[in-house]
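**Student:** Be aware that the sequence shown starts at 200, since it is given in the working numbering, and climbs by one per residue.
Every residue, glycine too, gets a C-beta built ideally from N, C-alpha and C.
I have a structure I would like to understand better, so I am pasting it below and will then ask my questions one at a time.
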Amino acid sequence: MGLMAPPRLVVLLLLGLLLPLAGPAASATDLAAPADPAQAASRVAAKPAPKKLEKAVLAKVNKHRAAAGCRPLVLKKKLRKAARRHSTRMAAAGTLSHQLPGEPDLGARISATGYRWSALAENIAVGQRTPKAVVRAWMGSAGHRQNILDCSMRHTGIGAVRQGRTVWWTQDFGRR
Numbered sequence: 200m201g202l203m204a205p206p207r208l209v210v211l212l213l214l215g216l217l218l219p220l221a222g223p224a225a226s227a228t229d230l231a232a233p234a235d236p237a238q239a240a241s242r243v244a245a246k247p248a249p250k251k252l253e254k255a256v257l258a259k260v261n262k263h264r265a266a267a268g269c270r271p272l273v274l275k276k277k278l279r280k281a282a283r284r285h286s287t288r289m290a291a292a293g294t295l296s297h298q299l300p301g302e303p304d305l306g307a308r309i310s311a312t313g314y315r316w317s318a319l320a321e322n323i324a325v326g327q328r329t330p331k332a333v334v335r336a337w338m339g340s341a342g343h344r345q346n347i348l349d350c351s352m353r354h355t356g357i358g359a360v361r362q363g364r365t366v367w368w369t370q371d372f373g374r375r
């Protein structure tokens with residue numbers, strides 16, 4: 200989706216899907232930062248951001264969860280792998296989307312890593328340069344906030360990739 204964003208945070212897509220337990224329970228939302236970083240960044244190859252950025256997001260998210268009475272999320276490598284792959288694909292396509300053309304849906308992407316789940320959710324964003332900025336953006340959006348503060352979620356994987364000065368973010372949440 201290519202939208203020119205005004206000088207404030209824009210929610211490009213707010214999607215909440217609840218599927219029966221026979222399939223995934225998913226809730227998905229996404230955010231774009233003020234400029235149109237996707238267009239500017241599409242000329243540069245994406246590279247994984249330092250793991251410390253992902254760990255900082257987890258620490259900030261867990262602080263919000265603690266304040267809401269939720270247990271901290273535990274980082275799972277398989278969810279991180281899925282999140283990083285998705286961020287890389289979004290950057291390559293220059294598109295912020297939960298499902299890119301030709302890409303499996305969230306449940307299939309997570310299952311492909313070997314993570315066994317009963318519920319999933321995903322937050323995505325582009326353009327926020329720091330963990331503080333992306334968590335602030337997600338907490339300022341009802342759908343993202345709901346995913347972060349869903350006390351039934353136990354695990355997470357965070358994938359941040361840099362494309363020039365632009366950072367693409369995916370946070371996948373899971374419950375077994």
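If you follow the alpha helix (DSSP H) that E253 is in, where does it begin and where does it stop?
**Tutor:** 250-266
**Student:** What are the complete alpha helix (DSSP H) segments, minimum 4 residues, inside the region 263-292?
**Tutor:** 276-292
**Student:** Taking the alpha-carbon of V333 as reference, which of A320, Q370, A282, P247 has the nearest alpha-carbon?
**Tutor:** Closest in C-alpha terms to V333, from the list A320, Q370, A282, P247, comes Q370.
**Student:** Please list the terminal residues of the continuous beta strand (DSSP E) segment that includes A307.
**Tutor:** Segment 305-310 is the alpha helix (DSSP H) holding A307; no beta strand (DSSP E) there.
**Student:** Using CA coordinates, which residue listed in A324, I309, G363, A267 is at the minimum distance from K276?
**Tutor:** I309
**Student:** Taking C-alpha atoms, which residue in R279, P303, G268, N261 lies nearest to A248?
**Tutor:** R279
**Student:** Secondary structure at V243, three-state DSSP: helix, strand or coil?
**Tutor:** coil
**Student:** Apart from the five residues just before and just after A290, which ones in its own chain have a Cβ nearer than 6 Å to its Cβ?
**Tutor:** A245, V360, Q362, W367
**Student:** Of the residues M338, L319, T312, which one's Cα is nearest the Cα of F376?
**Tutor:** Since the first residue shown for the chain is 200 and the last is 375, residue 376 is missing from the structure and cannot be characterised.
**Student:** When the Cα of S296 is compared with those of P271, A281, N322, which residue comes out closest?
**Tutor:** N322
**Student:** Which term fits T329, buried or exposed, when burial requires 16 or more other beta carbons within 10 angstroms of its beta carbon?
**Tutor:** Per the 10 Å Cβ criterion, exposed.
**Student:** Quick one: what's got a C-beta closer than 7 Å to R335's C-beta in the same chain, skipping five residues either side?
**Tutor:** none
**Student:** For the candidate residues M352, R364, Q327, L348, whose alpha-carbon lies nearest to that of R374?
**Tutor:** M352
**Student:** What is the DSSP secondary structure of Q238, counted as helix, strand or coil?
**Tutor:** For Q238, the pLDDT reaches just 47, beneath the cut-off of 50, and the residue's location in the model is therefore unreliable, although a value from the coordinates is still provided. Residue state, collapsed to three classes: helix.
**Student:** Would you call V243 buried or exposed, if buried means 16 or more other Cβ atoms sit within 10 Å of its Cβ?
**Tutor:** exposed
**Student:** When DSSP builds the beta bridges, which residues end up paired with Q362?
**Tutor:** As DSSP reads the structure, Q362 sits in a beta bridge with T365.
**Student:** Distance, Cα to Cα, L299 vs G342?
**Tutor:** 20 Å
**Student:** Give me the DSSP bridge partner(s) of G356.
**Tutor:** Assignment of beta-bridge partners to G356 by DSSP yields D371.
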